Amino acid sequence: MTQQNNSQYKVTADPVRILIIDIAYVLIISGLLSILWVKTIIIWKIFAVFFAILFLVLTWKTSKPLITNKTLYLINDQGVTDYTQKKPVTIPWQLIKKIELVPNNATYQIGIIAFDVITDQKKTAKQIQNNYSENGNLAIYSIIIDGFKFRRKPFLAIYNELKRQGIIYNPKILINEQYNLLS
4 MTQQNNSQYK
14 VTADPVRILI
24 IDIAYVLIIS
34 GLLSILWVKT
44 IIIWKIFAVF
54 FAILFLVLTW
64 KTSKPLITNK
74 TLYLINDQGV
84 TDYTQKKPVT
94 IPWQLIKKIE
104 LVPNNATYQI
114 GIIAFDVITD
124 QKKTAKQIQN
134 NYSENGNLAI
144 YSIIIDGFKF
154 RRKPFLAIYN
164 ELKRQGIIYN
174 PKILINEQYN
184 LLS
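Numbering (the numbering used here), first residue to last: 4 to 186.
Put into structure tokens, the structure is as follows:
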């Protein structure tokens, strides 16, 4: 879901999508645990309990963003802030070079490409330091918002908001839209 406040746009987990996925997981768990009441060898029952526990953990991990109501992305006049990382990363609009909507298998994804995001090399991770040094002092950062986590309408609303604010705060941003001809 998204929450809009003037030029501040918060992207949070889509509750309908998460509930649909969790219902499917609960049905799978129920099917696996029903093996406990069937007359079969013990190894099948152990496998069923093991996989039921795995799906239970998966259900918890899927539900966690909805329960905590954590903001995933924040789009405002400062730029785009990615809260999905361990340490939030804010990319100013001036550094964003491209916003794209592209098909990815059965869903769409939004790509936000930025350059020169790294300002303090001492605080960056080793992997990003290597990327920074190997690319001619040009750091590349990308945010990928996967359409699988959102329903189509809220997902396209996120993209339209990125487009709208991107054009306002940095008219040089390249906007790229690729639609799947098969859908």
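Note that CB positions come from ideal geometry on N, CA and C, so glycine has one too. In this text the structure is predicted, and so the values were computed from the model without any measurement.
Using DSSP with H/G/I as helix, E/B as strand and the rest coil, what is residue i?
i, result
"V41", "coil"
"V120", "Residue placement at V120 cannot be trusted, given a pLDDT of 47 that sits under 50; the coordinates are not used to answer."
Determine the direct distance from the alpha carbon of residue j to that of residue i, and round the result to whole angstroms.
i, j, result
"I115", "A55", "37 Å"
"I38", "L30", "13 Å"
"I172", "F151", "Ile is not the amino acid found at residue 172; the sequence shown has Tyr there. If I take the Cα positions, the gap works out to 28 Å."
"A1", "S145", "No statement about residue 1 is possible, as the shown extent of the chain runs from 4 to 186 and does not include it."
"F158", "L104", "10 Å"
"I148", "I178", "15 Å"
"V120", "K13", "For V120, the pLDDT reaches just 47, beneath the cut-off of 50, and the residue's location in the model is therefore unreliable, although a value from the coordinates is still provided. One C-alpha to the other measures close to 21 Å."
"T62", "V52", "15 Å"
"T110", "L59", "25 Å"
"P68", "L22", "12 Å"
"I113", "Y162", "7 Å"
"L77", "I45", "50 Å"
"Q11", "N79", "4 Å"
"A160", "T84", "17 Å"
Where do the N-terminal and C-terminal ends of the alpha helix (DSSP H) with residue i fall, by residue?
i, result
"G169", "R155 to Y172"
What first and last residue would you give for the beta strand (DSSP E) that runs through residue i?
i, result
"N190", "There is no way to answer for residue 190, as the model of the chain reaches only from 4 to 186."
"N107", "I99 to N107"
"G150", "Counting along the chain, G150 falls outside any beta strand (DSSP E), and DSSP gives it neither H nor E."
Using a beta-carbon distance below 8 Å, is residue i in contact with chain D?
i, result
"Y162", "Note that chain D does not occur in the displayed structure, where there is just one protein chain."
**Prompt:** In the segment 15-92, which residue ranges form an unbroken beta strand (DSSP E) of at least 3 residues, counting only runs that do not cross its ends?
**Reply:** 74-79 and 82-85
**Message:** I want to know whether the segment 19-36 touches the segment 76-94 - three or more CB-CB distances under 8 Å.
**Reply:** no
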